[in-house]
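Quick notes on the structure that follows.
What follows is the structure, given as structure tokens:
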């Protein structure tokens, strides 16, 4: 079974200025990330504005992403975000057939379904496919808390639900709890823009799924940590924090500024976001530009 | 322009036991409601499980609903529930072209967009079509509060955004506030299962959009009220309350029991709900059956 | 150990028109409820506006309540609402020394403490006293969900934490779950204005803790149910529902109208509520008056 | 009227190991902060665990704080946190009589009071005293959003409600909006641990109210910014971020670690927090210690 670890960024959804999905930029983005060293790319994370896409667009985006990834020999993780279990299972099967290497699944959250339904939803997706599956826990965004035992039961009872992306706040104790309850067997990814990358790596996380615009910074941090240069990783992390602290004050804000970075780096054509989005202003942009200049110089953007 | 008033229930989405949409039952349901006297039918309300449907299913359901309604000379209200403004505008145009008499729109709520974005979203939908449009305000379900002035501005600046479905709690003062701020010109519908039908009608509401399974009870209440028999309407309302109080303890619960009523009345084939849904038990069912028996006898179900 | 069951209403906090606590009305209210047949009275429920009182006022209110209850041979339940465990333990001991027959405890909720802290908080209160203790579960008001196993563990490990007031929505399945997990040993009270009194009694609840203004109606319902006249109880419940449905659209609203009923019945001097409260209007009052007239006639108010 | 600006940290509430308030440490803390250059000290912020204190403790803490501050010629801001307007007004008057230089007020949030009540609450406090008053806007912690016009109206109609502590997320646009709506007259303080100190200062904020344990770092940053060395301020801010990012993953966590810093610096006796608090672990502590060592060396702790 395909193994996933390392930096697997969330693919931003590029749009043209007319609001249509920009599949050409998507292709270029996928290739850039994988050729740039990313261990996999992840389609339809929250940072990918999945909730602003039609079913048809999502299908076409999967095709483009999988093809682009295969062209450059990279791996894809595709997220199943449908609310209804019946629909999610069909999407899961379709994404597998279309060539995804791994699935992610965001449990349904509208009207706050109970734990039993969330468990059954995720289990049904896992059972529907043969490829590995990752469960996403993002209570800050969804408003739905899930007790660790739901994930522990999934890990024990569903052989292919292997990976867990944990982005509650604070994530650390939750991660350590999951590790304890599974005798260290759970394979955990850091979410939430990697704000707690060092802490969660210390606790046993095997990778991170941040936004994609500064993938090279995350790769730098990950490699240093993986090679035992923890202090070097901390230094990279510390230099990244001012930018993250500035552009990640809310979710639509970081989505918007990730795209601005990607566009400025020439990886996608425009920074267009579908509405509702985030309105910036001159005060905000000034600091963004200052931090961008610093990062750009250091990483040769 | 088509005028909407009266009882315009939310169409339940009938499923077959295999989880597929049951278009045959949908057709029968639409006809039954309209032939039964409903002033219009509303597709894709929250009670219609719209969030469990694919884009393709929704499109086919619109076609079936519009055709069935036209066959019996009735009106349709179709809700635009897409999160992204760009996508919502396309859906709005498509629904208009497909023959909807009126649109409803549920403003986006994931990640809690700001008031300016909500206003622009609704305005864009209104501007995209020529048919009348209704704005839905359901903060209990969406978690997003909207100040009255957003709706007042819509009412003043967008000639075809005529109707407002108000289901905050308490709804009464909000309704009266809207009426004051628009010199009584706002056309308001009662939501929230009609729990405050009498109070909101006293305040000037012109109709209600409850679940569809007991449409004849709501029609009875509405007609009595409209004909000046307010006391008679209160009596109908009071007899309905025990059932509503029992089956509307949360949203998936009432969705599930509305369908059980529809199936028992022979209007749709099964009470199947896509997951996540609501698990009942014997205690709950016992009371439901008691109340059902009473209603069935009185209304000849 | 004192046994608690039946109708144990939440004492409203009477104020004078100048905003000071009206201890005279409090004394009269306590006596009226107990002489009227209430099985106990409960001080500092949410409906008692406990969060608007100073520590000193609360202490004096306990003294007045306990003395009034003892005068007429009735029982008191006093709620410990302090956020900090250290402070709550002191209040618990003080209330016991002052003569409370039973304590209630509202677990802390500000900043959403984790389950382990909530368990330790309640356990510490239980351990600090010898009288029986009741845990209150009111997630709708506090915003903090608590899993059933927290209460089950309390029931098993703390011999005097005997009673559980369950007012989540829906309460029924939660109640049945608690009963199953404790082999039917858990002693459960219905909260939430008794909206689900019949259902929860069917499930094994042994009493209810509604607001106090219509205590005689709740007693009527309870007695009929207890004597095996379930249908009679349902009829009382059905006649109560229109009033509850009208005045319990939000919490400050029912607090305000409970006091209006008490004042109109001559049990307390004024309906004054400390601010923030609820602003009524003529539309609302009209229906209230209609329902009041009906209840007053039936119950001889 | 006393003018407030600069760094006015929130006083941590020191406890003894037995859970009692440690007034001796409080006195030492207040003097240390003011002699260390803080422009004022703030009692009963959320970071001060105000919600874990009795009325009597709060009164004694005000006395100790005011006396200690006067001894060293410093200013005090005391927060009025009572839910009921009637009670809050009394506290406000008492704090003024006891010698506070300025009041802060946290608008009530339990049961989510409406905007009109929040306005009246704050206005009543302002009218009750002659000293300047600051309104705190902390929706992340309280769950209650307040529209800018409420604060603008207060600023215009209440001459002594001069200061506004803004800690929504993102704070920047809200701050700029307030400045625009008051022609730049509003005097705004940065909250939320100063995460957006630079951005909000660029937007016109005149000070910050962070936790107190690293007051010298905030003073360093503030002075550099005030003297025109914005780049120097950014550098200080960037070096502070790793620590803040680590210890401020939730509110009880930063409260707990602020005290650990204070105790390690010898300013208070113990790091004890009343329960519910935050449980740390070895992984967390390791990083904390690393960051502490760096800060300690740079600032001579």
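Residue numbers (my numbering), protein chains in the order written: chain A, 1 to 301; chain B, 302 to 602; chain C, 603 to 903; chain D, 904 to 1204.
Beta carbons are placed, not taken as given, at the ideal position from N, Cα and C, and that holds for glycine.
Could you tell me which chain B residues have their CB closer than 8 angstroms to the CB of residue i, listed as they occur along the chain?
i                     : result
residue 683 (chain C) : Those do not exist, as residue 683 (chain C) stays about 24 angstroms from chain B at its closest Cβ, beyond 8 angstroms.
residue 87 (chain A)  : 353, 354, 355 and 575
Using the beta-carbon of each residue, which ones in chain D are nearer than 8 angstroms to residue i?
i                     : result
residue 719 (chain C) : 1178, 1179 and 1180
So is residue i buried or exposed if we call it buried at 16+ other beta carbons inside 10 Å?
i                      : result
residue 159 (chain A)  : exposed
residue 874 (chain D)  : Since the first residue of chain D shown is 904 and the last is 1204, residue 874 (chain D) is not available in this structure.
residue 1094 (chain D) : buried
residue 134 (chain A)  : buried
residue 1046 (chain D) : exposed
residue 116 (chain A)  : exposed
residue 299 (chain A)  : exposed
residue 373 (chain A)  : Because chain A spans 1 through 301 in this model, residue 373 (chain A) falls outside it and cannot be assessed.
What does residue i touch in chain A if you count any residue whose Cβ is under 7 angstroms from its own?
i                     : result
residue 385 (chain B) : 52, 274 and 275
Between the C-alpha atoms of residue i and residue j, what's the straight-line distance to the nearest angstrom?
i                      : j                      : result
residue 928 (chain D)  : residue 1109 (chain D) : 29 angstroms
residue 922 (chain D)  : residue 1170 (chain D) : 18 angstroms
residue 574 (chain B)  : residue 315 (chain B)  : 8 angstroms
residue 407 (chain B)  : residue 52 (chain A)   : 14 angstroms
residue 432 (chain B)  : residue 856 (chain C)  : 41 angstroms
residue 598 (chain B)  : residue 592 (chain B)  : 10 angstroms
residue 767 (chain C)  : residue 367 (chain B)  : 49 angstroms
residue 888 (chain C)  : residue 428 (chain B)  : 40 angstroms
residue 75 (chain A)   : residue 103 (chain A)  : 11 angstroms
residue 469 (chain B)  : residue 212 (chain A)  : 39 angstroms
residue 731 (chain C)  : residue 186 (chain A)  : 43 angstroms
residue 749 (chain C)  : residue 1153 (chain D) : 21 angstroms
residue 1123 (chain D) : residue 1042 (chain D) : 28 angstroms
residue 529 (chain B)  : residue 683 (chain C)  : 49 angstroms
residue 1086 (chain D) : residue 438 (chain B)  : 34 angstroms
What residue does the alpha helix (DSSP H) around residue i start on, and which one ends it?
i                     : result
residue 753 (chain C) : 750 to 759
residue 367 (chain B) : 356 to 372
residue 32 (chain A)  : 23 to 35
residue 174 (chain A) : 172 to 181
residue 714 (chain C) : That residue, residue 714 (chain C), is in no alpha helix (DSSP H); it is neither H nor E in DSSP.
residue 266 (chain B) : The structure shown has nothing for residue 266 (chain B), since chain B only spans 302 to 602.
residue 231 (chain A) : 230 to 247
residue 392 (chain B) : 386 to 398
Along chain D, in chain order, which residues have C-beta atoms closer than 7 angstroms to that of residue i?
i                     : result
residue 853 (chain C) : 1014
Between which two residues does the beta strand (DSSP E) containing residue i stretch?
i                      : result
residue 466 (chain B)  : 462 to 467
residue 343 (chain B)  : 342 to 344
residue 116 (chain A)  : Segment 115 to 128 is the alpha helix (DSSP H) holding residue 116 (chain A); no beta strand (DSSP E) there.
residue 704 (chain C)  : 704 to 707
residue 856 (chain C)  : Careful: residue 856 (chain C) lies outside any beta strand (DSSP E), inside the alpha helix (DSSP H) at 853 to 866.
residue 1091 (chain D) : 1090 to 1093
residue 437 (chain B)  : 434 to 438
residue 980 (chain D)  : 979 to 983
Determine the chain A residues that contact residue i at a beta-carbon separation under 8 angstroms, and present them in chain order.
i                      : result
residue 444 (chain B)  : 143
residue 1144 (chain D) : 238, 241, 242 and 245
Residues of chain C with a CB under 9 angstroms from the CB of residue i: which are they?
i                     : result
residue 345 (chain B) : What residue 345 (chain B) touches in chain C: nothing, since even the nearest Cβ is about 25 angstroms away.
Residues of chain C with CB closer than 7 angstroms to the CB of residue i, please, in chain order.
i                     : result
residue 530 (chain B) : Those do not exist, as residue 530 (chain B) stays about 15 angstroms from chain C at its closest Cβ, beyond 7 angstroms.
For a contact defined as C-beta to C-beta under 9 angstroms, what are the partners of residue i on chain D?
i                     : result
residue 218 (chain A) : Per Cβ cutoff of 9 angstroms: no residues; residue 218 (chain A) is ~16 angstroms from chain D at best.
Quiz item: Which of the residues in the region 1081 to 1115 of chain D, read from start to end, lie with their CB under 8 angstroms from any CB of chain A?
Solution: 1098, 1099, 1101, 1102, 1105 and 1106
Quiz item: Between the region 409 to 436 of chain B and chain A, which residues of the former have CB atoms less than 7 angstroms from a CB of the latter, in chain order?
Solution: 409, 411, 412, 414, 418, 421 and 422
Quiz item: In the region 16 to 29 of chain A, which residues sit with their C-beta less than 7 angstroms from some C-beta in chain B, listed in chain order?
Solution: 19
Quiz item: Relative to chain B, which residues along the region 749 to 783 of chain C have a C-beta separation below 7 angstroms, given in chain order?
Solution: 771, 772, 774, 775 and 778
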